[in-house]
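A.B. asks: As numbered in the working numbering, residues 114 to 253 make up the sequence shown, in order. By construction, the Cβ of each residue, glycine as well, lies at the ideal position given by its N, Cα and C atoms. Have a look at this one.
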Amino acid sequence: MNQLFTAVLLLRAVLRSDDVTYDTICGSLSVYLLMATAWGVAYLLLNFLQPAAFFMDPARHRNHSLDWTDCMFYSFVTLTTVGYGDIVPISAQARSLSILEAVSGTLYAAVLIARLVGLHAGAKSHPEHGRRSLISKLPK
Numbered sequence: 114m115n116q117l118f119t120a121v122l123l124l125r126a127v128l129r130s131d132d133v134t135y136d137t138i139c140g141s142l143s144v145y146l147l148m149a150t151a152w153g154v155a156y157l158l159l160n161f162l163q164p165a166a167f168f169m170d171p172a173r174h175r176n177h178s179l180d181w182t183d184c185m186f187y188s189f190v191t192l193t194t195v196g197y198g199d200i201v202p203i204s205a206q207a208r209s210l211s212i213l214e215a216v217s218g219t220l221y222a223a224v225l226i227a228r229l230v231g232l233h234a235g236a237k238s239h240p241e242h243g244r245r246s247l248i249s250k251l252p253k
């Protein structure tokens, strides 16, 4: 639960930022990584409640059940929409979570890039605004 709370606070800070800084970029990357981890925990919980929710390719995962590292792997592969196919959602709940994660990962990247490009373009078109805000932050 702390991951989700942290991700929401970081996302708020990133989206409310007035300019693109190192902190803004690090914050946005942190949100993305926290999203993947939160989805991985959701998959682990679903696998605990429904052991047959996912199918793992036996050629790649001999005598192996879905564990934490597999859930993280599947989460990052799904969030980035790579989809290797060695872990496949079987149940309706697993497919639904996978769809939600893929859509949220795609939308996050699109909205974040649009926001950061807009901030950067705004700072380029009004350079005096950026200088004024930087100077106003200096201690007197």
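Residue 199 and residue 170 look like a contact to me (Cβ under 8 Å); what is the Cβ gap, rounded to whole Å?
C.D. replies: That pair is a contact at about 4 Å.
A.B. asks: Looking at the unbroken beta strand (DSSP E) that takes in residue 195, where does it start and where does it end?
C.D. replies: Counting along the chain, residue 195 falls outside any beta strand (DSSP E), and DSSP gives it neither H nor E.
A.B. asks: How would you call residue 285, buried or exposed, if buried means at least 16 neighbouring beta carbons within 10 angstroms?
C.D. replies: Outside the shown range of the chain, which is 114 to 253, sits residue 285, and nothing can be said about it.
A.B. asks: Taking the continuous alpha helix (DSSP H) assigned at residue 258, which residues delimit it?
C.D. replies: This structure cannot speak to residue 258, because the chain is shown only from 114 to 253.
A.B. asks: Compute the Euclidean distance between the alpha carbons of residue 128 and residue 212, then round it to the nearest angstrom.
C.D. replies: Straight-line Cα distance between these residues: approximately 24 Å.
A.B. asks: Taking 6 Å as the limit between beta carbons, can you name the residues of its chain near residue 123, skipping five residues before and five after?
C.D. replies: Same-chain partners within the cutoff: 140, 143, 144.
A.B. asks: Out of curiosity, what's the CA-to-CA distance linking residue 245 and residue 154?
C.D. replies: In this prediction, residue 245 has a pLDDT of 44, which is less than 50 and means its spatial position is unreliable; nothing more can be read from the coordinates.
A.B. asks: The alpha helix (DSSP H) spanning residue 144 covers which residue range?
C.D. replies: Run containing residue 144: 135-162, per the alpha helix (DSSP H) assignment.
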